[in-house]
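Trainee: Can you keep this structure in mind? I'll have questions shortly.
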Amino acid sequence: MVDSANHPHRVFISYSHKDEAWKERLHTQLNVLEQQNQLSIWEDRQIAAGDDWYPAIEKAINSANVAILLISAEFLSSKFITGEEVPRLLARRKKEGLLVIPVILSPCAWQAIPWLASIQGRPKDNKPLSSLPKNKKDQCLADLVLEILELVGQQVDTGEDDSEFTEQELQDQLREYKRYLVESYKYLDFKGIDSIAEAVKGSSGITLESVYVPLRARLDAPDAESWHRLGGRLYRGSTAVADAAPDKLEQEISRAEQDALTVEDWFKQRPALVILGDPGSGKSTTMKRLALGLAQQDNTPLPILVSLNAYGKRLEEGIISFEEYLPEYFHGKRAQLDPHKMRKLFTDALKQQKAVVLMDGLDEVGIYRGPLVGQIEHFVRAWIPECPVLRLPEHPLRGKKDENEYQRALSQFNKESAKIKTDYERDLREWQQSGNRMVATSRFVGYRDYPLSDPRWQTVALNDWNREEID
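If you're matching positions, the sequence shown starts at 1 in UniProt numbering and goes up one per residue.
Structure (structure tokens):
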């Protein structure tokens, strides 16, 4: 483990001198952590006049913990960068797991570069920073700093030796933790998940299991969903929507509701799920039901249910990674829950791909919504593998070949494509059905201001209750 207090993580910035202004902008953001001795930043302007520059760059590359590549046409046109720096960094990435983060500065043909197209770049969706408004540019760079803090923070020595716990101590802690979950969520209450003690004391005496109705959800339609939901409700409850095309509207709503699955089914199909719904639609109750069901069984994934509102308030006191916050959230919930043992339980479950992390109330986060979303995205990238991607070979072109040659090429294409599709479908099933699970909830309103947009996430929208379900 690395003690960041004495040995700050070393960040190597690779860039074209024509992108000096961007490098300085990034350096300013990284300097926040450098001032706290958490990072040590290296870029070639640090080479003093008269020094032998090549050995200095070579030494910096070999000692870096993180490499940030500022991608532009000038960067990709530099023979030294692409012929010397990049190959060395990629070799360390492959051999040692060096964290390499490309940042797309301006429009360029980066997709045509195989090594670059295969690495997840920043900003999200690989949109060039230059195409974003000024405040978005700064936000993307700030998010990048938080991501680095999250990823390298997993190596930081916390000063506690988790190996000191015996297997029996951890098993006892696990039983105590599951008992806490069962007692907290067994009975129905009409509150959020923050005030557990009060909820248990003031519970209705009605067990959650006895009244729980599985909610149904459908794939969210980002552009049209709000209109269909609002228009559908207005039409059903009033004749005032004269121009709402009610027949078409009802058909769309009916079709969406017929295609819906239960939340539990979505949970089984996707490792990372965002559930959108209205206030009082049952989002928090569903999360409690998932945690309760897992806590009541043996040999099941470990449920970890936390309030994002509480995490947002914690971020107001100072940046803390989501992974570090998980055991802290349960500190003081019950005297028997030791934070160091809890951290060990959670970390082991995540490493063994046997954790279910339930995050309730994304819409309830205040001014730290942006940093919180960034931390969650980093957490998900760290503990859920990337979704398999179907990449087929290039289809042969008839016009450039004689007919016999074309038919042979087409036959080979079909064979290769069939095998690739079979392998892809197998990998996709494995990805969907195994490993850690993450679920987050939010209201519709305001969600898209700071969405969870990593491709691992699947966003679904809760159906409205119907009369049969209520009865």
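Virtual Cβ for every residue (Gly too), placed ideally from N, Cα, C.
Could you please give the first and the last residue of the uninterrupted beta strand (DSSP E) stretch that includes T459?
Mentor: Its beta strand (DSSP E) spans residues 457 to 462.
Trainee: What separation, rounded to the nearest whole angstrom, lies between the Cα atoms of K18 and L70?
Mentor: Straight across, the Cα-Cα distance linking K18 with L70 is about 11 Å.
Trainee: Rounded to a whole number of angstroms, what is the C-alpha to C-alpha distance between E324 and L372?
Mentor: 13 Å
Trainee: Between the alpha carbons of K415 and R270, how many angstroms are there, rounded?
Mentor: 29 Å
Trainee: Within 10 angstroms of its Cβ, does F379 collect 16 or more other Cβ (buried), or is it exposed?
Mentor: buried
Trainee: Leaving out five residues before and five after P123 in sequence, what residues of the same chain have Cβ atoms less than 6 Å from its Cβ?
Mentor: C140
Trainee: Buried or exposed, going by whether 16 or more other CB atoms sit within 10 Å of the CB of L397?
Mentor: exposed
Trainee: What is the residue span of the beta strand (DSSP E) that D360 lies within?
Mentor: 355 to 360
Trainee: Measuring only the C-alpha atoms, how far is A355 from S72?
Mentor: Distance between the alpha carbons of A355 and S72 is about 39 Å.
Trainee: Along the chain, where does the beta strand (DSSP E) containing R437 start, and where does it finish?
Mentor: 437 to 443
Trainee: Could you give the distance in angstroms between the alpha-carbon of T82 and the alpha-carbon of L76?
Mentor: So the alpha carbons of these two residues sit roughly 6 Å apart.
Trainee: Would V274 and L215 qualify as a contact pair, given that the criterion is a beta-carbon distance under 8 Å?
Mentor: no
Trainee: Taking all protein chains shown into account, decide if T300 is buried (16 or more other Cβ within 10 angstroms of its Cβ) or exposed.
Mentor: T300 is exposed by the Cβ-count criterion.
Trainee: May I ask whether a heavy atom of the ligand COA can be found less than 7 Å away from the beta carbon of E394?
Mentor: Here there are no bound small molecules, and the ligand COA is not part of this structure.
Trainee: Under 8 Å: do the stretch 328 to 343 and the stretch 352 to 368 share three or more Cβ pairs, one atom per stretch?
Mentor: no
Trainee: With burial defined as no fewer than 16 other Cβ atoms inside 10 Å of the residue's Cβ, what is the status of R45: buried or exposed?
Mentor: exposed
Trainee: If I measure Cβ to Cβ from L452 and keep anything under 7 Å in the same chain, skipping five residues before and after, which residues do I get?
Mentor: Counting only Cβ-Cβ distances below 7 Å, and skipping sequence neighbours, we find V274, V373, I376, E377, A440.
Trainee: Check this for me: beta carbons of Y185 and L345, under 8 Å apart or not?
Mentor: no
Trainee: Can you list, in chain order, the residues of its chain whose CB lies under 8 Å from that of L208, leaving out five sequence neighbours each side?
Mentor: Here the set comprises Y185, K186, Y187, L188, T285, K288, R289, L292.
Trainee: Tell me where the beta strand (DSSP E) around I275 begins and ends.
Mentor: 272 to 277
Trainee: For a test of the three-state rule: what should DSSP assign to A245, helix, strand or coil?
Mentor: Below a pLDDT of 50, predicted positions are generally treated as unreliable, and A245, at 48, falls in that range; no measurement from the model is reported.
Trainee: Go to L292, then tell me how far its alpha helix (DSSP H) extends in each direction, as first and last residue.
Mentor: Counting along the chain, the alpha helix (DSSP H) containing L292 begins and ends at 283 to 295.
Trainee: Under the three-state reduction of DSSP, which class applies to L116: helix, strand or coil?
Mentor: DSSP places L116 in helix when its eight states are reduced to three.
Trainee: If you count every other CB in all the chains shown that lies within 10 Å of the CB of T459, and 16 or more means buried, which is it?
Mentor: buried
Trainee: I104 and L129 look like a contact to me (Cβ under 8 Å); what is the Cβ gap, rounded to whole Å?
Mentor: 7 Å
Trainee: Spatial neighbours of P455 within its chain, please: CB distance less than 7 Å, with the 5 preceding and 5 following residues excluded, ordered by chain position.
Mentor: Non-local beta-carbon contacts of P455 in its own chain, meaning distances under 7 Å to residues more than five positions away in sequence, involve C387 in chain order.
Trainee: Pull up the CB-CB distance for V145 and L315, whole angstroms please, since I reckon it's below 8 Å.
Mentor: Contact flag wrong, Cβ pair sits at about 14 Å.
Trainee: To the nearest angstrom, how far is it from the Cα of R391 to the Cα of A91?
Mentor: CA-CA distance, R391 to A91, rounds to 24 Å.
Trainee: Give the straight-line distance between the Cα atoms of I320 and P8, rounded to the nearest whole angstrom.
Mentor: 17 Å
Trainee: Report the CB separation of I384 from A260 in whole angstroms; it is logged as a contact under 8 Å.
Mentor: Rounded, the Cβ-Cβ distance is 24 Å, inconsistent with contact.
Trainee: As a quick exercise: from D278, S106, H331, R426, pick the residue whose alpha carbon is nearest that of V445.
Mentor: The shortest C-alpha separation from V445 is found at D278.
Trainee: Grab the span of the beta strand (DSSP E) containing F12 for me, first residue to last.
Mentor: First-last of the beta strand (DSSP E) with F12: 9 to 14.
Trainee: Use the C-beta contact count for N135: other C-beta atoms within 10 angstroms, 16 or more gives buried, fewer gives exposed.
Mentor: exposed
Trainee: For I57 and R179, what's the separation of their Cα atoms in angstroms?
Mentor: 55 Å
Trainee: Could you tell me the distance, in whole angstroms, from the CA atom of S226 to the CA atom of W42?
Mentor: Here the model assigns S226 a pLDDT of 44, short of 50, so the residue's position is not dependable and the matter cannot be decided.
Trainee: Report all residues from its chain with a CB closer than 7 Å to the CB of G366; omit the five preceding and five following residues, and keep chain order.
Mentor: G312
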